[in-house]
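In structure tokens form, the structure reads like this:
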């Protein structure tokens, strides 16, 4: 029973394309997040949502647009992909803000 | 932004204890965390400590928190080869809605 699940696990695409990553949690949590892990393993917050409302948008280019249709889902859509977008993207959730966050397995995005 | 610092690499022999250290700057964090990442895998929440505690023990894991010095450590007793991974220290910062991570400590356990 996967608690935080992301799809796809791997995404290989060309520069300029538009792609989406889906995230779902079955933990009943109110808060969901997207993090980016770069090639040096550094993790940085991108967005956080609480009950479908945007709480944090951490200076992410507006090519990245999160969408939360309900509190169990937080999807990430990326327009006009660039080489620098290559990274592992992690979704996470917590019961509410400032509580332990549980992470998905990550989506490895490679831009050709 | 606030900084979380960790040493990048630690090597220990199987059966020894490992101690991974972390310093942070944001004293408003409610919780401090340790996450484990195995190669090619996601982030596993290993343990966490509430900021008004100074120690937490969970089987082979001991977390020590020194709030005055803003120092967090993770001790793994009887380290096994399966403990080889990257260990990330994280603090919840001012808003609580974002984790600030250290750069991770790569733990190598040799037989």
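Protein chains in written order, with this note's numbering: chain U, 1 to 112; chain L, 1001 to 1111. We put the beta carbon where it would ideally sit given N, CA and C, even for glycine. Being a predicted model, the structure only gives us computed values, none of them experimental.
Does chain U have any CB closer than 8 Å to the CB of residue i?
i              : result
residue 1025/L : no
residue 1049/L : no
residue 1101/L : yes
residue 1076/L : no
Do residue i and residue j have their C-beta atoms within less than 8 Å of each other?
i              : j              : result
residue 1046/L : residue 1091/L : no
residue 106/U  : residue 50/U   : no
residue 1073/L : residue 1020/L : yes
residue 56/U   : residue 18/U   : no
residue 1101/L : residue 1004/L : yes
residue 39/U   : residue 52/U   : no
residue 90/U   : residue 25/U   : no
Based on the DSSP output, what are the partners of residue i in its beta bridges?
i              : result
residue 58/U   : Beta-bridge pairing links residue 58/U to no other residue.
residue 1101/L : 1090/L
residue 73/U   : 24/U
residue 1061/L : 1058/L and 1076/L
residue 1005/L : 1023/L
residue 19/U   : 78/U
residue 1041/L : Its beta-bridge partners do not exist; DSSP assigns none.
Taking 8 Å as the CB-CB limit, is residue i close to chain C?
i            : result
residue 64/U : No chain C appears in the structure shown, which is made up of the protein chains U and L.
Taking the beta strand (DSSP E) that residue i falls in, what are its first and last residues?
i             : result
residue 92/U  : 87-94
residue 66/U  : 64-67
residue 101/U : Premise fails: residue 101/U is in no beta strand (DSSP E) and is neither H nor E.
residue 32/U  : 31-37
residue 5/U   : 4-7
Give a yes or no on whether 8 Å exceeds the smallest Cβ distance from residue i to chain L.
i             : result
residue 25/U  : no
residue 43/U  : yes
residue 48/U  : yes
residue 58/U  : yes
residue 112/U : no
residue 107/U : no
residue 31/U  : yes
residue 55/U  : yes
residue 100/U : yes
Can you find the residues in the same chain that come closer than 6 Å, C-beta to C-beta, to residue i, ignoring five residues on each side of it along the sequence?
i              : result
residue 32/U   : 49, 74 and 93
residue 1001/L : Unreliable placement is indicated for residue 1001/L, whose pLDDT of 45 sits below 50; no coordinate value is reported for it.
residue 12/U   : 110
residue 3/U    : 27 and 102
Just to confirm my understanding: we take residue i, look at its own chain, exclude 5 residues before and 5 after, and list those with CB closer than 7 Å. What are they?
i              : result
residue 1060/L : 1076, 1077 and 1078
residue 1081/L : 1014, 1109 and 1111
Give me, in chain order, the residues of the same chain whose beta-carbon lies closer than 8 Å to that of residue i; leave out the 5 immediate sequence neighbours on both sides.
i              : result
residue 112/U  : 12, 13, 14 and 15
residue 1017/L : 1075, 1076, 1077, 1078 and 1079
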